[in-house]
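Protein chains in written order, with this note's numbering: chain B, 118 to 846; chain E, 158 to 485.
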């Protein structure tokens, strides 16, 4: 029995609001928290499998060319070495999110420095690592691989191109305008758990313990890569130690482990080193952006231009969608947007936390700050004046748009001074102190999702889906949804995730997990309630369930009568998406200090106000926002992938040299949640949260740097050397 | 990591004998060595664990100074009451480095011997004259953001990465080196590390079989002590530039000015001309600028690290201004 909803129209009423258990939205601690902090939660490489062999990748030391030969005999003569696998099915690039098919294969064709070319398998990890490092490989080298995104040939992404009205005319004829160029550097996901897999065969059946975000797509990617049927593959990812996009699609380890396990007739574990995770999984493209904004005397936008150049390997369809929210965030009749992707030989560019807005919004919002200053209008007010009633390019309504409320409530909570602003007004010893703000926006998406909810004869429930929890709180919110609908505490709901034997969820990515799988659980519970109401002799709408019993004292156990009751919820995105622009909105406020001697910047405090539909768990939602804001700080001040100009290899490939913020860099952060119900976003009226928290935050810091010390910077991250070179006088 | 013999000698004589063997490498905290072994940057045939050789105590010396054993942990040293009271620049420098977890393992001797974090040194698939003599330098025309602007050679532009030794250089500490029970020698910290020249693989004066047994500090001075480390994130990052300063005033003039610099060179940088200029002079911004002129007279960058030259100037001037309470 399944409860199916294809969302072709808004869902304006919601049963979640009429329930009695009182667990939905509450700031409950995550139910998997204890297992994680006590080390009993097993991550991919930690599953106990008998007779395990270990595989380590050998990686290319050329940028582009061909592997002519590998001296396998020499490696096989080393202690413990069992196999050198260079099978043509080995994947060489990370699959893009939701690909659902094998990424690039054929490891002999090298197209970036560090690409896996073979897997060395040995009894121990140390033996395999040593043999992989010493593998003698002969190459044919192509010397002319383009490496510089600024000069490489580029292709326009025509779907992104907008030419509406006459931007050049608006720029020339408006009272105020800015024409600015920004650069952002590449970013790494830098998830704590490295990419890892254990593959085990039982005849034709393959089981892979993996660290992946989207099992429903990953199973197809692995099956396709291996040339086997999806029915013969089982993926298990009960716990994932962070993904941030790097585990959306499969990377090289799971297919390699499967091929090696078949070859040697033993289960094989492959764990990437930290350096390999950096060098061969997935990067966020660097960007070069141009912002042209024009306004009339009163600060009403008359022209809006946003162009971006990003990069990727030849043959990749993904282009960092820098302009995603620029299409609708601010009104203006005259618009010109253009995205192009340069083809260069670095590792695959793909989804890294909030692809698009993560880097597009910081450029746009810094430009907005500069134009507001030119107009002499408070930057909060300037944004308020330019919020469009409808999507200015497609003439669609917004499903909901809390930008104005977030700006106002955020400003109030932060204590924003809306008086005249000019830089270099406040000094604390040798530190300049200043404030800045920026808008937040991140498009909302949903994915098809199925979940089975079973009421057991003892009156407790089991939620089962192949959905993953990558540290976000999925286990907990699904227990809350089921508990709320069925009148159970969250301890009475057993949530089972990350197993492809369960109904297919949407996977975690693009902040779509909670709204999508949450809706599937909700639909299943609604059907269960119908059945229970029938047994209780009432209507579903009148059925009150709390603490395992109806309002008139009939217990769930009695209603179930010794039999389990199970329903599968099936949520499908529908035509409603075509009728609305659906996005999360918000506002960031920051206070920073800039050292007048050294250019060091430290964030004193930060606040984010966000409108993202229904809040399912106030605590995990807030944690998502804190994470996003931490990413903002890293993007603004420290994070940059550095590529060698001669061979394109990534030089800073560990956590000592790729600088994510440390605890000391992250100050008091306040989160204001502007609760709302978005009837279009999902049947449970929730939207994505996680990524919104970094979409624009870096600009609040950049704008605060300017307000503090008068240095306008156009290059993220704003490291001390860049700040010093921009300091006035 | 290559297979290796692991030896745990119980005394210095045996340790020294083992370290005199081919391909032997001493290990104390192991925080740097084991990382480099995993990357096959270091491939010792024998690892000599020095942790059973004593040398972990911190003791007063007869002349009122302090002797810090080679195996005293960075945490123990930074928290030691005598260090905190008499040598705050050392405590501050140590606490500015690494993380608490690393400092709990890291030792005095190991810290002095830590190797550069040059990206090309730690990647065995890239050229590096330090790691593989004659293979070239990837950093000179590559990514040189971390790299040296003073005392470089056309072979190597790597920096010495540590903080502790910068403070020890300002304090004019002395390294005690033993080559067994009966033989020992003393080398000022300022002379312990070497410039790259044509032999970038030689980073310090230790000879085969020699072991650092401790570091001796002169008796404390009542001067103002400052350790200033500039970096883009506020912990767990190597210095873009750091300055250790011990400055004393008498009758409105500078009476002592011992300065050392991190992040600029293949060794903690000490330039005796700075003391010569500053001592006896009245503090003034123009004087500090002159000191920076002297310090950076022969500095040159490699594009990416050009910023270090103005940054070193600004940091030095700021530190001198703070130490002498001069308005900037």
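The beta-carbon is built from N, C-alpha and C at its ideal position, and this holds for glycine as well.
If you're wondering where the values come from, they're calculated on a predicted model, not measured in any experiment.
task = Give the residues from the segment 261-283 of chain B that approach chain E closer than 9 Å (Cβ to any Cβ), ordered along the chain.
result = Result list empty, no residue passes.
Against chain E: residues of the segment 155-182 of chain B by CB proximity under 7 Å = Listed in sequence order: 178.
query = Looking at the C-beta of residue 755 of chain B, does it have a partner C-beta in chain E at a distance below 7 Å?
reply = In the first chain, counting from the first residue as 1, residue 755 of chain B sits at position 638. Residue-level contact by beta carbon holds for residue 755 of chain B and chain E, with a gap shorter than 7 Å.
request  = For residue 763 of chain B, return the contacting residues in chain E, with the cut-off set at a CB-CB distance below 7 Å.
outcome  = Numbered from 1 along the first chain, position 646 holds the residue referred to as residue 763 of chain B. Ordered by position in chain E, the residues that pass the 7 Å Cβ test against residue 763 of chain B are 298, 299.
query = Do the segment 222-231 of chain E and the segment 259-277 of chain E meet, that is, are 3 or more Cβ pairs less than 8 Å apart?
reply = With contact defined as three or more Cβ pairs closer than 8 Å, the segment 222-231 of chain E and the segment 259-277 of chain E are in contact.
ask   = Using Cβ-Cβ distances below 9 Å, what residues of the segment 266-286 of chain E are close to chain B?
value = Within the segment 266-286 of chain E, 274, 276, 277, 279, 280, 281, 282, 283 place their CB atoms closer than 9 Å to a CB of chain B, listed in sequence order.
Burial state of residue 126 of chain B, where buried means 16 or more other Cβ atoms lie within 10 Å = The residue given as residue 126 of chain B occupies position 9 in the first chain. Of the other Cβ atoms in all chains shown, fewer than 16 fall within 10 Å of the Cβ of residue 126 of chain B; this residue is therefore exposed.
inquiry  = So for residue 263 of chain B, helix, strand or coil by DSSP?
reply    = Position 146 of the first chain, counting from 1, holds the residue named residue 263 of chain B. In the displayed model, residue 263 of chain B falls within coil according to three-state DSSP, outside both helix and strand.
query = What do you get for residue 825 of chain B, buried or exposed, if any count of 16 or more other CB atoms within 10 angstroms of its CB means buried?
reply = If you number the first chain from 1, residue 825 of chain B lands on position 708. It counts as buried.
query = Do we get a CB-CB distance below 7 Å when we pair residue 391 of chain E with the residues of chain B?
reply = If you number the second chain from 1, residue 391 of chain E lands on position 234. At least one C-beta of chain B is nearer than 7 Å to the C-beta of residue 391 of chain E.
query = List, in order along the chain, the chain B residues whose C-beta lies closer than 9 Å to that of residue 184 of chain E?
reply = For the purposes of this step, residue 184 of chain E is identified with residue 27 of the second chain, where counting begins at 1. Residues of chain B with a Cβ closer than 9 Å to the Cβ of residue 184 of chain E do not exist, since the nearest Cβ in that chain sits about 17 Å away.
Same chain only: Cβ atoms within 6 Å of residue 424 of chain B, ignoring 5 sequence neighbours per side = Along the first chain, read from residue 1 onward, the residue named residue 424 of chain B stands at position 307. Non-local beta-carbon contacts of residue 424 of chain B in its own chain, meaning distances under 6 Å to residues more than five positions away in sequence, involve 407, 455 in chain order.
message = Between the alpha carbons of residue 266 of chain B and residue 441 of chain E, how many angstroms are there, rounded?
response = One-based indexing of the first chain puts residue 266 of chain B at position 149. One-based indexing of the second chain puts residue 441 of chain E at position 284. Counting only the Cα atoms, residue 441 of chain E lies some 48 Å from residue 266 of chain B.
message = If you follow the alpha helix (DSSP H) that residue 333 of chain E is in, where does it begin and where does it stop?
response = The count along the second chain starts at 1 and reaches residue 333 of chain E at position 176. It is not in any alpha helix (DSSP H) - residue 333 of chain E instead sits in the beta strand (DSSP E) that spans 331-335.
query = Under the rule that 16 or more other beta-carbon atoms within 10 Å means buried, what is residue 395 of chain E, buried or exposed?
reply = As a working mapping, residue 395 of chain E is identified with position 238 in the second chain. Here residue 395 of chain E is buried. Its C-beta has 16 or more other C-beta atoms within 10 Å.
key: residue 763 of chain B: first and last residue of the uninterrupted alpha helix (DSSP H) it sits in   = Residue 763 of chain B sits at position 646 when you count from the first residue of the first chain. Boundaries cannot be given for residue 763 of chain B, as no alpha helix (DSSP H) includes it and DSSP labels it neither H nor E.
request  = Return the Cβ separation of residue 741 of chain B and residue 589 of chain B in integer angstroms, given the expectation that the two are a contact with Cβ distance under 8 Å.
outcome  = For the purposes of this step, residue 741 of chain B is identified with residue 624 of the first chain, where counting begins at 1. For the purposes of this step, residue 589 of chain B is identified with residue 472 of the first chain, where counting begins at 1. Sure, about 6 Å apart at Cβ, within 8 Å.
task = Indicate the three-state DSSP secondary structure (helix, strand or coil) for residue 616 of chain B in the structure shown.
result = The count along the first chain starts at 1 and reaches residue 616 of chain B at position 499. Residue 616 of chain B carries a strand assignment under DSSP once its states are collapsed to helix, strand and coil.
request  = Please state if the CB of residue 464 of chain B and the CB of residue 397 of chain B are separated by a distance shorter than 7 Å.
outcome  = For the purposes of this step, residue 397 of chain B is taken as residue 280 along the first chain, with counting starting at 1. For the purposes of this step, residue 464 of chain B is taken as residue 347 along the first chain, with counting starting at 1. Taking C-beta atoms as the reference points, residue 397 of chain B and residue 464 of chain B count as a pair closer than 7 Å.
ask   = So is residue 543 of chain B in contact with chain E if we call contact Cβ pairs under 7 Å?
value = Reading the first chain from its first residue, position 426 is the one you call residue 543 of chain B. Contact of residue 543 of chain B with chain E is not assigned, every C-beta pair being separated by 7 Å or more.
ask   = If we ignore side chains and look at the alpha-carbon of each, how far apart do residue 385 of chain B and residue 316 of chain B end up?
value = Reading the first chain from its first residue, position 268 is the one you call residue 385 of chain B. Reading the first chain from its first residue, position 199 is the one you call residue 316 of chain B. Approximately 5 Å, taken between the alpha carbons.
request  = Using a cut-off of 8 Å between C-beta atoms, extract the partners of residue 778 of chain B located in chain E.
outcome  = Here the question's residue 778 of chain B lines up with position 661 in the first chain. Here the neighbours are 390.
message = For the alpha helix (DSSP H) containing residue 334 of chain B, name the first residue and the last one.
response = Taking the first residue of the first chain as 1, we reach residue 334 of chain B at position 217. Segment 332-343, the alpha helix (DSSP H) holding residue 334 of chain B.
message = At the level of alpha carbons, what is the spacing between residue 337 of chain B and residue 219 of chain B?
response = The residue you call residue 337 of chain B lines up with position 220 of the first chain. The residue you call residue 219 of chain B lines up with position 102 of the first chain. Residue 337 of chain B and residue 219 of chain B have their C-alpha atoms roughly 8 Å apart.
query = Where does residue 456 of chain E fall in DSSP's three states?
reply = Along the second chain, read from residue 1 onward, the residue named residue 456 of chain E stands at position 299. Under the three-state reduction of DSSP output, residue 456 of chain E falls in the coil class, being neither helix nor strand.
query = Mapping DSSP to helix, strand and coil, what is residue 748 of chain B?
reply = For the purposes of this step, residue 748 of chain B is taken as residue 631 along the first chain, with counting starting at 1. Helix at residue 748 of chain B.
task = Note down, in chain order, each residue of its chain lying with its Cβ closer than 8 Å to the Cβ of residue 297 of chain E, except the 5 sequence neighbours on either side.
result = Mapped onto the second chain, residue 297 of chain E falls at position 140. The residues are 311, 314, 459.
request  = Compare the C-alpha of residue 224 of chain B against each of B/207, B/461, B/217 and name the closest.
outcome  = Taking the first residue of the first chain as position 1, residue 224 of chain B is located at position 107. If we check each option's Cα against that of residue 224 of chain B, B/207 comes out closest.
task = For the beta strand (DSSP E) holding residue 688 of chain B, just list the boundary residues, first then last.
result = Here the question's residue 688 of chain B lines up with position 571 in the first chain. Boundaries of the beta strand (DSSP E) around residue 688 of chain B: 682-690.
message = Helix, strand or coil for residue 247 of chain B? Go by DSSP, reduced to three states.
response = Mapped onto the first chain, residue 247 of chain B falls at position 130. Three-state result, residue 247 of chain B: helix.
ask   = What does residue 294 of chain E pair with, by DSSP beta-bridge criteria?
value = Residue numbering aside, residue 294 of chain E sits at position 137 when the second chain is read from its first letter. DSSP, once it has assigned bridges, lists E/285 as partnering residue 294 of chain E.
request  = Write down every uninterrupted run of the alpha helix (DSSP H) in the segment 293-381 of chain E whose length is 4 residues or greater and which is fully enclosed by it, in chain order.
outcome  = 321-327, 346-349, all fully within the segment 293-381 of chain E.
ask   = Does DSSP put residue 723 of chain B in a helix, a strand or coil?
value = For the purposes of this step, residue 723 of chain B is identified with residue 606 of the first chain, where counting begins at 1. Residue 723 of chain B falls in the strand class under three-state DSSP.
key: Nearest residue (CA-CA) to residue 182 of chain B, options B/234, B/428, B/760   = In the first chain, counting from the first residue as 1, residue 182 of chain B sits at position 65. Closest by alpha carbon: B/234.
message = For the segment 218-244 of chain E, list every residue whose C-beta sits within 8 Å of some C-beta in chain B, in sequence order.
response = Here the close residues number zero.
Per-residue DSSP class, three states only, for residue 280 of chain B = In the first chain, residue 280 of chain B corresponds to position 163, counting from 1. Strand.
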